[in-house]
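Beneath this line is the structure, given in structure tokens, with notes to follow.
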Amino acid sequence: MMSLAAATSVILTAGPAMAAAEPGYAGGGRVKPGAELTVKYSGETGAAKSVTLECDPPGGSHPKAAQACAVLAAAGGNPFTIKPAHSACFLIYAPVTAKVGGRWRGWQVDWTFTYGNSCEMKRALGVIVAF
669 MMSLAAATSV
679 ILTAGPAMAA
689 AEPGYAGGGR
699 VKPGAELTVK
709 YSGETGAAKS
719 VTLECDPPGG
729 SHPKAAQACA
739 VLAAAGGNPF
749 TIKPAHSACF
759 LIYAPVTAKV
769 GGRWRGWQVD
779 WTFTYGNSCE
789 MKRALGVIVA
799 F
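Numbering (the working numbering), first residue to last: 669 to 799.
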């Protein structure tokens, strides 16, 4: 439930449209991705989980990178604007904090949100946290 969750921040700052070539991309035939993000979540009692997500082209260690990139693209790179799924969650308070940080199409992203439990997080973010 949103009443159990506490928003921390969403920061999008302007950055250069195209930065200089970075090692691993220059001359290797691979186009530098339009997004390089780290997606992670952790509960107060559990271990943290983390993956990398690259978009345009999809890649990184996220198991559903293409779908996660499509959802983020529809949300303009802002996880707060993702339309949550229509599902019910138990009213058990076991806070989980989700974080998305890195670069999204030239913008710096630093997003953090604490949900009442993992069900609420998965309902709100869907495939973004499907790992």
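Quick reminder that beta carbons are idealized off the backbone N, C-alpha and C, glycines included.
V797: which of A703, G774, V707 and G702 sits nearest, CA to CA? Walking along the sequence shown from the start, residue 797 turns up at place 129. The shortest C-alpha to C-alpha distance from V797 to any of A703, G774, V707 and G702 is the one to V707.
Enumerate in chain order the residues of its own chain whose CB-to-CB distance from A743 is below 6 Å, with the five nearest sequence positions on each side excluded. In the sequence shown, counting from the first residue as 1, residue 743 sits at position 75. Within the same chain, A743 has close Cβ partners T749 and I750.
Under the three-state DSSP convention, the category L672 falls into: Reading the sequence shown from its first residue, position 4 is the one you call residue 672. Note on L672: pLDDT 40, under 50, position unreliable in the model; no value is reported.
For C757, the nearest candidate out of A716, K790 and P701 (CA to CA): Working through the sequence shown from its first residue, we reach residue 757 at position 89. Considering only alpha carbons, the answer is K790.
Let me check one thing: in DSSP terms, what residues is D724 bridge-paired to? Here residue 724 is taken as the residue at index 56 of the sequence shown, counted from 1. None; D724 has no bridge partner.
Just to confirm my understanding: we take E712, look at its own chain, exclude 5 residues before and 5 after, and list those with CB closer than 6 Å. What are they? Residue mapping note: residue 712 aligns to position 44 of the sequence shown, counting from 1. Closer than 6 Å at Cβ, skipping near neighbours: P763.
Which first and last residues belong to the beta strand (DSSP E) in which V764 is found? In the sequence shown, counting from the first residue as 1, residue 764 sits at position 96. V764 to W772 is the extent of the beta strand (DSSP E) around V764.
Quick one: measure Cβ to Cβ for W779 and V768, integer angstroms, because I've assumed they're closer than 8 Å. Taking the first residue of the sequence shown as 1, we reach residue 779 at position 111. Taking the first residue of the sequence shown as 1, we reach residue 768 at position 100. Yes, W779 and V768 are in contact; Cβ-Cβ is about 5 Å, under 8 Å.
Can the beta-carbon of E704 be found less than 8 Å from the beta-carbon of R771? On the sequence shown, residue 704 is found 36 positions in, with the first residue counted as 1. On the sequence shown, residue 771 is found 103 positions in, with the first residue counted as 1. Yes. Within cutoff.
Burial state of P752 (16 or more Cβ within 10 Å): Locating residue 752 in the sequence shown gives position 84, where the first residue counts as 1. Classification for P752: exposed.
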